[in-house]
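So that you can map any letter, position 102 of the sequence shown is 160 in the working numbering, and since no number is skipped, the others follow by simple counting.
Here a beta-carbon is modelled for each residue, glycine too, at the ideal position from N, C-alpha and C.
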Amino acid sequence: MSIDKKVREWKEAGLLDEVTGQRLVDYEHERLAVREKREHKPPILVIIGSILLALSLFSFVAANWQAIPDLLKVSIFLIFMVAMYVTAEQLQTRAPRYVTLFRVLGIVFFVATMIVIFTTYNLSSQIPLLFWLMFAVAVLHKLIYQHPIFTFITALAAFLANTNSFQGVGLTLIILGFAITWVWFHYVDNEIDRIFAWFSFYGLLITVGQYANYEGRFWPIWALVILHVLFLVYRERAQWNYLYLFVAAVLSIGYLINATEGWLSQRQPSVLEATALSAILVGVYLLHRRPELVWVSLLAVVPFSLFEDSGILLAIFLEVVALGYLVWQDHNRKPIVLAFIYFLLVQMTIYFIYVWDRLDISLFFLIGALIVFALSLALWWRSRTRGDVRT
């Protein structure tokens, strides 16, 4: 029985007045119209036919690709790209759940269009530009549509743009990269996006070292020092301290791993540069006065430890720093998971570099297990004595 007949019967029975009955009919008709619009699906034969038509078109284009004029090749992909965005706008009210999918397909066809342009017009030497254009489009989508999927796409594009710019990148692309990254960092009000943008800044600074033909050993640390400028502009972002801590931890382990490799022994580091870098690292902490940054400033010891051929000074220093940071986190009742992981990584790195050839494998794991057990027991006992132990 339809809603109109039901309401009519209720009115005749005196259960509803005229106004309430009309409002009920209007509400049910409106809800039914919305539900039909949401549940509207094209017939299955139309879907199958569309898929077969698309496959036949792609097969025809692929088979006759070399015979197609260059301008027509580009036009084909441009038409598909525009069609994706037009379809997305048309689906705003009819099927909102598919809108983001078609926008992502729009990015895919944009990249495909750029690839066709670069291959057709022999621009293979400008491949880094392709990745930076992809990065710019991804940032634009994130600014306009604010969907989480575009955070992932933008981060992937930034990674590809940075990693493909280490060789042969020019000053124009570096400036373009900084501009795009700053737009992402400044205008997207999302912490995850800003973290990825921060790493993109760091990658660009590494690229600057490649562009300037810097031949020293300390440019990764110099790049981290330069990034402290962000603290001067965005002081309210105190949680970004941990980004500097993370990169400092990775750099310390990287220098420890490569302490005995050839790239560190090719030329002696400059005493003047090591002194300047160490002074600036300490100065950064004194400028910002943030407790977490004192651990970043400890990288000031790294330049001087590289003068030792064996690298044993760096190993001892990082051993002390890892243990000190772990105790410091525990003393301040902060999460110690990351500090504990860093301590274990330092231990494993030292053992693999300096002890692996001198110990039996079983003894190696036994020593590591004993260290972990002793440290865990000490932290548990400390927590127990101050009354916040958890079982």
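- Proximity to V379 across K392, A358, R391, P393 peaks at A358, based on C-alpha coordinates.
- In this structure, DSSP gives A270 a state outside helix and strand, which the three-state scheme calls coil.
- Rounded to whole angstroms, the gap between the alpha carbons of R161 and N316 is 44 Å.
- Exclusion of the five residues before and after Y203 leaves R161 as the residues of its chain whose Cβ lies within less than 7 Å of its Cβ.
- Look at the beta carbons and you see the region 212-225 touching the region 242-255: at least three pairs across the two are nearer than 8 Å.
- DSSP places L181 outside both helix and strand once states are collapsed to three, so it counts as coil.
- Secondary structure at G312: helix, using DSSP grouped into helix, strand and coil.
- For L282, same chain residues with a beta-carbon under 6 Å away, outside a window of 5 residues either side, are V305 in chain order.
- Taken in chain order, the unbroken stretches of alpha helix (DSSP H) that lie wholly in the region 210-294 and span 4 residues or more are 229-245, 249-269, 277-285, 287-291.
- A Cβ-Cβ contact shorter than 8 Å links T407 with L314.
- In this structure, DSSP gives E70 a helical state, which the three-state scheme calls helix.
- Counting of Cβ neighbours within 10 angstroms places F276 among the buried residues, the total reaching 16 or more.
- Between V83 and I61, the beta carbon gap of about 6 Å places them in contact (Cβ cut-off 8 Å).
- With fewer than 16 other Cβ atoms inside 10 Å of its own Cβ, L290 counts as exposed.
- Contact check for P278 against L303 fails: the beta carbons are separated by 8 Å or more.
- In chain order, I185, P186, F189 place their CB closer than 8 Å to the CB of N222, counting only its own chain and leaving out the 5 sequence neighbours on each side.
- Per DSSP, W123 lies in no alpha helix (DSSP H) segment and is marked neither H nor E.
- Put simply, the backbone Cα of I253 is about 8 Å away from that of L301.
- Taking C-beta separations shorter than 6 Å and ignoring five residues to either side along the sequence, the partners of S258 in its chain run A216, T239, following chain order.
- Rounded to the nearest whole angstrom, the CA to CA distance from L339 to L356 is 8 Å.
- I399 counts as exposed, since fewer than 16 other beta carbons sit within 10 angstroms of its beta carbon.
- A straight line joining the alpha-carbon of A125 with that of I165 spans about 27 Å.
- Taking the Cα of L129 as reference, the smallest distance to any Cα among V157, V174, N390 is reached at V174.
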